[in-house]
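Here the protein sequences come in this chain order: Y and G. Taking the numbering used here, I'd label the letters of the first sequence as residues 3 to 122. Taking the numbering used here, I'd label the letters of the second sequence as residues 3 to 122. By construction, the Cβ of each residue, glycine as well, lies at the ideal position given by its N, Cα and C atoms.
There are 2 protein chains.
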Amino acid sequence: MLHDHDMDAVFQALGNASRRRMLDIVKQQPGIVVGALASEFDVSRIAVMKHLAVLEEANLLVSEKDGRARRLYFNAVPIQMIHERWTTEYSAYWAGQLTRIKYIAETRHRDNESVGKQRK
Amino acid sequence: MLHDHDMDAVFQALGNASRRRMLDIVKQQPGIVVGALASEFDVSRIAVMKHLAVLEEANLLVSEKDGRARRLYFNAVPIQMIHERWTTEYSAYWAGQLTRIKYIAETRHRDNESVGKQRK
DNA sequence: AAAATACGTAACCGTTTAGTTACATGTTAC
DNA sequence: GTAACATGTAACTAAACGGTTACGTATTTT
Chain Y
3 MLHDHDMDAV FQALGNASRR RMLDIVKQQP GIVVGALASE FDVSRIAVMK HLAVLEEANL
63 LVSEKDGRAR RLYFNAVPIQ MIHERWTTEY SAYWAGQLTR IKYIAETRHR DNESVGKQRK
Chain G
3 MLHDHDMDAV FQALGNASRR RMLDIVKQQP GIVVGALASE FDVSRIAVMK HLAVLEEANL
63 LVSEKDGRAR RLYFNAVPIQ MIHERWTTEY SAYWAGQLTR IKYIAETRHR DNESVGKQRK
């Protein structure tokens with residue numbers, strides 16, 4: 003089971019496009035070393051390492067020292083757990099409540115965007 | 003389709019336990035007004051409103067003015083879209099690559115936690 | 001019309017985030 | 001053993017986050 007704090011870490015880690023891209027790259031190239039990964043981004047290697055630290059905190063990455071290099075591996079477990087919670091918790095809602103959303107969308111149009119303008 | 007910026011907003015919005023709880027409450031009590039929601043939290047109403055703004059930015063909430071009150075509604079669409087992307091993008095990986103994760107976990111234990119200690 | 005209610009805006013504050021540069025450490029290659 | 005290489009640490013900065021209090025505005029209620 004995933005605690006609040008862990009979910010915070012996972013969602014926050016995923017809440018950044020660079021980090022999501024890092025995950026994608028590591029997922030595609032398991033065992034890639036830090037420098038090689040960093041070279042794919044236009045920020046400094048240090049910035050990349052900080053992102054990697056965030057991803058490791060969230061347990062989305064695992065790393066392994068290999069000589070002077072450090073190899074990176076993707077870990078899907080936290081995403082799996084969140085996925086499980088989401089599907090159990092939201093699937094029923096998705097099936098049942100979409101009508102309401104539609105209703106709201108229609109209402110917004112009827113009201114001449116009065117609510118829509120408040121968003122963003 | 004969900005752009006990087008939108009995904010950032012959704013994940014960041016979900017990366018906070020209070021905001022997730024707000025979503026749960028609004029999902030369970032569609033049309034709840036801001037004040038009633040705020041009374042369920044021990045931070046100020048202003049703080050709650052800021053959280054609501056974040057959730058609306060991410061399109062996870064929709065609101066509707068009703069007299070002097072504002073009614074809140076949950077919107078599952080962004081979560082649905084992320085869910086779809088996740089399942090298509092990660093489901094294959096989950097099936098195939100868990101052996102590697104297991105391997106890494108075992109390696110860590112064999113190496114007497116040498117890598118494990120680096121995490122956290 | 002005045003008071004109470006519900007929400008919104010402004011200004012401020014401490015902490016975290018995301019980045020930088022400079023330097024240090026450990027490992028491989030020559 | 002020195003040089004080159006790959007990673008790590010420290011110190012700093014600007015902006016964003018998450019919170020506060022004080023005040024303003026719009027809508028009911030009495």
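Inter-residue CB distance, residue i and residue j (contact presumed, cutoff 8 angstroms)
i	j	result
Met51 of chain G	Val36 of chain G	7 angstroms
Ala15 of chain Y	Arg21 of chain Y	6 angstroms
Tyr75 of chain G	Gly17 of chain G	That belief does not hold up - the Cβ atoms of Tyr75 of chain G and Gly17 of chain G are roughly 22 angstroms apart, past 8 angstroms.
Length of the line joining the Cα atoms of residue i and residue j
i	j	result
Ser41 of chain Y	Met9 of chain G	24 angstroms
Asp6 of chain Y	Ala19 of chain G	6 angstroms
Gln31 of chain Y	Glu66 of chain Y	14 angstroms
Val56 of chain Y	Asp26 of chain Y	15 angstroms
Arg47 of chain Y	Val64 of chain Y	18 angstroms
Phe43 of chain Y	Leu54 of chain Y	13 angstroms
Those residues which DSSP pairs with residue i across a bridge
i	result
Asp68 of chain Y	Y:Ala71
Leu63 of chain G	G:Phe76
Ile34 of chain G	G:Leu74
Residue i, buried or exposed, once every other Cβ within 10 Å from all chains shown has been counted against 16
i	result
Arg73 of chain Y	buried
Val45 of chain G	exposed
Ala91 of chain G	As written in the sequence, residue 91 of chain G is Glu, which differs from the Ala given in the question. Classification of Glu91 of chain G: exposed, given that the 10 Å Cβ count is below 16.
Ile81 of chain G	buried
Gly69 of chain G	exposed
Glu58 of chain Y	buried
Ala49 of chain G	exposed
Under the three-state DSSP convention, the category residue i falls into
i	result
Met182 of chain G	With chain G represented from 3 up to 122, any question about residue 182 of chain G goes unanswered, as that position is not in the structure.
Asp26 of chain Y	helix
Phe13 of chain G	helix
Leu54 of chain Y	helix
Glu91 of chain Y	helix
Asp44 of chain Y	coil
Arg4 of chain G	The amino acid occupying residue 4 of chain G in the given sequence is Leu; Arg does not appear at that position. Of the three classes helix, strand and coil, the one that applies to Leu4 of chain G here is coil, per DSSP.
Thr101 of chain Y	Only weak support exists for where Thr101 of chain Y lies, its pLDDT of 41 falling under 50; the value from the coordinates is given anyway. In the structure shown, Thr101 of chain Y sits in a helix (DSSP, three-state: H, G or I).
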